[in-house]
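Undergrad: This is the structure I have questions about; it appears just below.
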Amino acid sequence: MKSYLRAITEEDPYKLCFVCLGNICRSPTAEGIFIHKVKESGLESFFYIDSAGTAAYHVGEGANSKSQATANKHGIHLPSRARKFEYADLEEFDLILAMDRENFSNIHDLDRRDRFAHKIKLMRDFDPIPEDGSVPDPYYGGLQGFENVFQILNRSTEALLDELRPHIEK
Ligand code: 4NP
Numbered sequence: 105m106k107s108y109l110r111a112i113t114e115e116d117p118y119k120l121c122f123v124c125l126g127n128i129c130r131s132p133t134a135e136g137i138f139i140h141k142v143k144e145s146g147l148e149s150f151f152y153i154d155s156a157g158t159a160a161y162h163v164g165e166g167a168n169s170k171s172q173a174t175a176n177k178h179g180i181h182l183p184s185r186a187r188k189f190e191y192a193d194l195e196e197f198d199l200i201l202a203m204d205r206e207n208f209s210n211i212h213d214l215d216r217r218d219r220f221a222h223k224i225k226l227m228r229d230f231d232p233i234p235e236d237g238s239v240p241d242p243y244y245g246g247l248q249g250f251e252n253v254f255q256i257l258n259r260s261t262e263a264l265l266d267e268l269r270p271h272i273e274k
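In the working numbering, the protein residues as written are 105 to 274.
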């Protein structure tokens, strides 16, 4: 069985891509939080961290203003520029984290020969409180929804980093 886990070294950093629909709310938040956690732990040279969207509506845009305001309130910067997830990303990344089941299914649809299923996961597979398994789309709602997304992603990315940590070879 292939696994998304492998030895992580500075010579061969572990590559993660967080994926949602528009790449302006959920996946940029996950990316920004994960970058922050990795830096806080002094592990930035062991990771390559990116995000993308399954749709192209917002390509080139920075993170949504409510996502940014929420992250900033928690001391976190969101550096993303929206881009569309593409086939080459399936080859490039070690772990692809879908924010909801629709994103998960759209990513799988690109993997026609079923070569990469082992590296496509739901973000909330790592959440200690996974609820229905999806990070809810906050785009059409108020600030409370963005805070909820932040809390879910803060928990999930913490657990993800804890799972990867033992594979880091210094
Ligand atoms: P995201 O949120 O997938 O978390 O970036 C959305 C952003 C934009 C749209 C939907 C969801 N939209 O329909 O434009």
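The beta carbon of each residue, even a glycine, is placed where N, CA and C say it ideally should be.
Going by DSSP, which residues form a beta bridge with Gly157?
TA: As a first step, residue 157 must be located in the sequence shown, where it is residue number 53. Note: Gly157 sits in a beta bridge opposite Cys124 and Lys188.
Undergrad: Under DSSP, the beta strand (DSSP E) around Leu147 begins and ends at which residues?
TA: In the sequence shown, residue 147 corresponds to position 43, counting from 1. From DSSP, Leu147 is part of no beta strand (DSSP E); its letter is neither H nor E.
Undergrad: Taking Ala192 as the reference, give the member of Arg219, Ala167 and His178 with the closest Cα.
TA: For the purposes of this step, residue 192 is taken as residue 88 along the sequence shown, with counting starting at 1. Measuring from the Cα of Ala192, the nearest candidate turns out to be Arg219.
Undergrad: Decide if the stretch 175-189 is in contact with the stretch 126-137; the criterion is three or more beta carbon pairs, one per stretch, under 8 Å apart.
TA: Cβ pair count under 8 Å is three or more, so yes.
Undergrad: What does the alpha-carbon distance come out to for the pair Glu195 and Gly136?
TA: Counting from 1 along the sequence shown, the entry for residue 195 is found at position 91. Counting from 1 along the sequence shown, the entry for residue 136 is found at position 32. Roughly 23 Å separates the two Cα atoms.
Undergrad: Select from Leu201, Thr133, Leu265 and Thr158 the residue whose C-alpha is nearest the C-alpha of Gly166.
TA: Counting from 1 along the sequence shown, the entry for residue 166 is found at position 62. It is Thr133 whose Cα lies nearest to the Cα of Gly166.
Undergrad: Run through DSSP, which three-state label would Lys177 get?
TA: Position 73 of the sequence shown, counting from 1, holds the residue named residue 177. Helix, per DSSP.
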